[in-house]
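The structure under discussion appears below in the form of structure tokens.
Residue numbers (the numbering used here), protein chains in the order written: chain A, 3 to 227; chain W, 66 to 295.
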């Protein structure tokens, strides 16, 4: 066997895991539509990123009625399409945390050569299952502790204390979206930050969330140049 | 039992582009039936880590041979670390500017060997990967001389080379991070060296390190091979 065959010939993965609330309340005020559109935009942006320094891998785990792996961890450039989320039922966050914990601890799924994962929790309500042990097990697991974790609180009814305890960025422990447009705004920031992070000299450092000003300056033309 | 030692170090593309020195270092010596090999990887973000890595390998080689064979790991590590700090102080370099990993293996003519390791990289015999651990999290969780103050940060151990366990390999993370089956890789190198010659394998390895298949790799790459001479 050639020695060359032992060498991995692709860049190190940068895993991004979205933990998305798809419970019934997300169907109100266009929240689920904004989430669907944001995830699709995110995938198409990630797919077009250079894969030289790091290859972005994306997974989406949903919790609405039941917890499910909506998209297994997949290199972004290989994701052809993603089914729309349907908002329904209760908010089983604990079951979703168990899925993410199993994923992040699986070294077949996320090898040790991977860069620190980025986990994003998005929710508009209070968990309805017995979530505490599973939630704590996720955020205290060795590998999830090393991950960069952000949380987005949607609307006025989210469990902000819980979401804040999920985030581990001291500058942005919890972010807020009060309407569909702000959900899109948050995901644009995540997309841009991950893209820049994947091209940086140090993709293994914790990632900072960078927000862009979506409003056009007076002198800017709204053209897709 | 006699041993052959081969060392190969190639500067990484990132350092070549910036006209910076190779921050890896490797040293070895044989004396009175004893042998020692040391490999170090200076931390990329530190301006003088090439000085730190070179000093660390040279001191590790002399400390291993100057101390008795049964010196405790703690005593040996303290000896190397203290001399490293003194050496840097003499040339007015702050330890934090010269941070480096360090891997050392040393042994005798009976085949007994020992190893110590601080920071990334891999020490592997034909049969065992001495650097694998359950607490391995993600890439580049680096520590090194100039950062670590705990004995527990060091990996230490011993083993025996014989007809079934024919050699040892030390490699910096510029190589090991891009190899999934590290034990298979090391085994393949050692078997080739046994079948052909260490010189032929060195040539082969140099070619591989110069034409590394992982896209956009940046790191310096250093590998040392210790092989039993039949």
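In this text, a Cβ means the ideal position worked out from N, Cα and C, and glycines have one as well.
So what does DSSP say about residue i, is it helix, strand or coil?
{"i": "residue 118/A", "result": "coil"}
{"i": "residue 149/W", "result": "helix"}
{"i": "residue 56/A", "result": "strand"}
{"i": "residue 93/W", "result": "strand"}
{"i": "residue 168/W", "result": "strand"}
{"i": "residue 193/A", "result": "helix"}
{"i": "residue 182/A", "result": "helix"}
{"i": "residue 208/W", "result": "coil"}
{"i": "residue 213/W", "result": "coil"}
{"i": "residue 225/A", "result": "Interpretation of residue 225/A is limited by its pLDDT of 49, a score under 50 that renders its predicted location unreliable; the figure taken from the coordinates is listed afterwards. Residue state, collapsed to three classes: coil."}
{"i": "residue 105/W", "result": "strand"}
{"i": "residue 282/W", "result": "coil"}
{"i": "residue 152/A", "result": "strand"}
{"i": "residue 312/W", "result": "Outside the modelled stretch of chain W, which goes from 66 to 295, sits residue 312/W, for which no answer is possible."}
{"i": "residue 218/A", "result": "Residue confidence for residue 218/A is low, a pLDDT of 47 falling below 50, so the modelled location carries little weight; the figure read from the coordinates is stated next. Residue state, collapsed to three classes: coil."}
{"i": "residue 168/A", "result": "helix"}
{"i": "residue 225/W", "result": "strand"}
{"i": "residue 72/W", "result": "strand"}
{"i": "residue 266/W", "result": "helix"}
{"i": "residue 161/W", "result": "helix"}
Residues in its own chain within less than 7 angstroms of residue i by CB, not counting five upstream and five downstream?
{"i": "residue 114/W", "result": "88, 107, 108, 163, 164, 165"}
{"i": "residue 240/W", "result": "286, 288"}
{"i": "residue 259/W", "result": "231, 292"}
{"i": "residue 118/W", "result": "88, 89, 90, 105, 106, 107, 165"}
{"i": "residue 183/W", "result": "166, 167, 208, 209, 210, 213, 218, 219"}
{"i": "residue 187/W", "result": "194, 196, 236, 241, 247"}
{"i": "residue 150/W", "result": "160"}
From residue i to residue j, what does the alpha carbon distance come to, in whole angstroms?
{"i": "residue 116/A", "j": "residue 230/W", "result": "31 angstroms"}
{"i": "residue 284/W", "j": "residue 76/W", "result": "7 angstroms"}
{"i": "residue 126/W", "j": "residue 66/W", "result": "20 angstroms"}
{"i": "residue 192/A", "j": "residue 262/W", "result": "53 angstroms"}
{"i": "residue 25/A", "j": "residue 147/A", "result": "27 angstroms"}
{"i": "residue 280/W", "j": "residue 202/A", "result": "15 angstroms"}
{"i": "residue 235/A", "j": "residue 118/A", "result": "With chain A running from 3 to 227 in the structure shown, residue 235/A is simply not present."}
{"i": "residue 219/W", "j": "residue 196/W", "result": "11 angstroms"}
{"i": "residue 91/A", "j": "residue 181/A", "result": "21 angstroms"}
{"i": "residue 140/A", "j": "residue 21/A", "result": "12 angstroms"}
{"i": "residue 58/A", "j": "residue 208/W", "result": "26 angstroms"}
{"i": "residue 5/A", "j": "residue 275/W", "result": "13 angstroms"}
{"i": "residue 149/A", "j": "residue 128/A", "result": "24 angstroms"}
{"i": "residue 161/A", "j": "residue 126/A", "result": "8 angstroms"}
{"i": "residue 161/W", "j": "residue 155/W", "result": "15 angstroms"}
{"i": "residue 144/A", "j": "residue 238/W", "result": "22 angstroms"}
Using C-beta distances below 6 angstroms, list every residue in its chain close to residue i, excluding the 5 sequence neighbours before and after it, in chain order.
{"i": "residue 79/A", "result": "49"}
{"i": "residue 96/W", "result": "130"}
{"i": "residue 15/A", "result": "57, 59, 116"}
{"i": "residue 159/A", "result": "127"}
{"i": "residue 173/A", "result": "none"}
{"i": "residue 71/W", "result": "263, 267, 290"}
{"i": "residue 210/A", "result": "none"}
{"i": "residue 244/W", "result": "250"}
Can you find a C-beta in chain W that's less than 9 angstroms from the C-beta of residue i?
{"i": "residue 114/A", "result": "yes"}
{"i": "residue 64/A", "result": "no"}
{"i": "residue 246/A", "result": "Residue 246/A cannot be examined here, being either before or after the span of chain A that is shown, 3 to 227."}
{"i": "residue 174/A", "result": "no"}
{"i": "residue 103/A", "result": "no"}
{"i": "residue 197/A", "result": "no"}
{"i": "residue 60/A", "result": "no"}
{"i": "residue 31/A", "result": "no"}
{"i": "residue 170/A", "result": "no"}
Span of the alpha helix (DSSP H) holding residue i?
{"i": "residue 12/A", "result": "Element bounds for residue 12/A: n/a, residue is neither H nor E."}
{"i": "residue 122/W", "result": "114-131"}
{"i": "residue 46/A", "result": "33-49"}
Any beta-carbon of chain A closer than 9 angstroms to the one on residue i?
{"i": "residue 234/W", "result": "no"}
{"i": "residue 263/W", "result": "no"}
{"i": "residue 249/W", "result": "yes"}
{"i": "residue 254/W", "result": "yes"}
{"i": "residue 243/W", "result": "yes"}
{"i": "residue 287/W", "result": "no"}
Starting from residue i, follow the beta strand (DSSP E) in both directions and report where the run begins and ends.
{"i": "residue 78/W", "result": "It is not in any beta strand (DSSP E) - residue 78/W instead sits in the alpha helix (DSSP H) that spans 78-82."}
{"i": "residue 105/A", "result": "Looking at the DSSP string, residue 105/A is not in any beta strand (DSSP E); the run it does join, the alpha helix (DSSP H), is 95-107."}
{"i": "residue 182/W", "result": "177-183"}
{"i": "residue 187/W", "result": "187-190"}
{"i": "residue 5/A", "result": "Element bounds for residue 5/A: n/a, residue is neither H nor E."}
{"i": "residue 137/A", "result": "No beta strand (DSSP E) contains residue 137/A, which is instead part of the alpha helix (DSSP H) from 134-142."}
{"i": "residue 69/A", "result": "68-77"}
{"i": "residue 232/W", "result": "232-236"}
Apart from the five residues just before and just after residue i, which ones in its own chain have a Cβ nearer than 8 angstroms to its Cβ?
{"i": "residue 131/A", "result": "92, 93, 94, 95, 96, 97"}
{"i": "residue 294/W", "result": "66, 67, 68, 69"}
{"i": "residue 122/A", "result": "18, 19, 20, 21, 151, 152, 153, 154, 192"}
{"i": "residue 198/A", "result": "212"}
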